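Working notes, beginning with the structure itself.
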Amino acid sequence: DSGVTQTPKHLITATGQRVTLRCSPRSGDLSVYWYQQSLDQGLQFLIQYYNGEERAKGNILERFSAQQFPDLHSELNLSSLELGDSALYFCASSVPGGSTEAFFGQGTRLTVV
Amino acid sequence: QQPVQSPQAVILREGEDAVINCSSSKALYSVHWYRQKHGEAPVFLMILLKGGEQKGHDKISASFNEKKQQSSLYLTASQLSYSGTYFCGTEEQGGSEKLVFGKGTKLTVNP
Chain A
28 DSGVTQTPKH LITATGQRVT LRCSPRSGDL SVYWYQQSLD QGLQFLIQYY
78 NGEERAKGNI LERFSAQQFP DLHSELNLSS LELGDSALYF CASSVPGGST
128 EAFFGQGTRL TVV
Chain B
2 QQPVQSPQAV ILREGEDAVI NCSSSKALYS VHWYRQKHGE APVFLMILLK
52 GGEQKGHDKI SASFNEKKQQ SSLYLTASQL SYSGTYFCGT EEQGGSEKLV
102 FGKGTKLTVN P
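First to last, the protein sequences are chains A and B. So the mapping is simple: the numbering used here equals the position in the first sequence, first residue as 1, plus 27. So the mapping is simple: the numbering used here equals the position in the second sequence, first residue as 1, plus 1.
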């Protein structure tokens, strides 16, 4: 158990819908990262938050948005869903200071039908 | 900038050695290595900071050549449990701690 909690574990929704994925980082970790992993693909970096502030952006679509709340949990919002958005979405957290181990949650498997 | 990993896949027999490479076109501050088993979350193996430091534990070690912006992961006397997909992640110098991963190298160890 990495200490990072992601909910829900599985999500099935229809095209055009909107969903919210939730991530609770390890206690004390200020950085939260979101990654998308499609079938047989690598981990695509989406976005990073540090203590409530957006720190870095990757290949995140305009239909996607995220935020980190004062209690440090983070949410990834995916809207106008398309079939191609079906993937495993991972959240990871790390302690402040950078260049430290990132702990991954078990992921949320999103299926868009 | 996504690092490039090679090879894409490796098949070994138990006890054989393997090397996985990771390279970047950007000046790097650190290289991270993770292993992911099918259906599971990636698990941390090690971090290498700029300075050419070599690290390792058990029979898995890694090196980082900061001049070439390359890192290599060495797996010696492979075990069945080494099977999985290995990802290198890189942080660029002067960056925001953004950790970008390569596409992964699938390692299969057979009896």
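Glycine included, C-beta positions come from ideal geometry on N, C-alpha and C. Since we're looking at a predicted model, the values are computed, not measured.
Residue i in three-state terms, based on DSSP
i	result
L57(A)	coil
S82(B)	helix
G90(B)	strand
L66(A)	coil
L38(A)	strand
L110(A)	helix
L100(B)	coil
S62(B)	strand
K68(B)	coil
A19(B)	strand
V44(B)	strand
Q71(A)	strand
Proximity of residue i and residue j at Cβ, strictly below 8 Å
i	j	result
A83(A)	K99(B)	yes
S73(B)	V110(B)	no
T106(B)	P8(B)	yes
Q2(B)	S26(B)	yes
V198(B)	T91(B)	Any question about residue 198(B) goes unanswered here, given that chain B covers just 2 to 112.
F117(A)	F131(A)	yes
E120(B)	S79(B)	A query on residue 120(B) cannot be resolved here, the shown segment of chain B reaching from 2 to 112 and no further.
Proximal residues to residue i (C-beta, below 6 Å), its chain only, five neighbours per side dropped
i	result
N104(A)	T47, S92
R49(A)	T34, E102
P112(B)	E15
K38(B)	G85
Q94(B)	A28, Y30
N22(B)	S7, S73
Own chain partners of residue i with C-beta closer than 7 Å, once the 5 adjacent residues on each side are dropped
i	result
E109(A)	T42, V139
G55(A)	V122
Q44(A)	L108
Rounded Cβ spacing between residue i and residue j (contact assumed at less than 8 Å)
i	j	result
S58(A)	S120(A)	6 Å
A129(A)	F65(B)	Going by Cβ atoms, the distance from A129(A) to F65(B) rounds to 17 Å, so no, they are not a contact pair.
L50(B)	A63(B)	Contact doesn't hold; Cβ gap of about 12 Å is too wide.
L137(A)	L38(A)	5 Å
G85(A)	L73(A)	5 Å
Residue range of the unbroken beta strand (DSSP E) whose run includes residue i
i	result
N111(B)	106-111
Q37(B)	29-37
N78(A)	Element bounds for N78(A): n/a, residue is neither H nor E.
R49(A)	46-51
R90(A)	It is not in any beta strand (DSSP E) - R90(A) carries neither H nor E in the DSSP assignment.
H100(A)	Per DSSP, H100(A) belongs to no beta strand (DSSP E) and is neither H nor E.
A10(B)	10-14
Cut-off 8 Å between Cβ atoms - residues of its own chain near residue i, not counting five sequence neighbours on either side
i	result
V20(B)	S73, L74, Y75, L76
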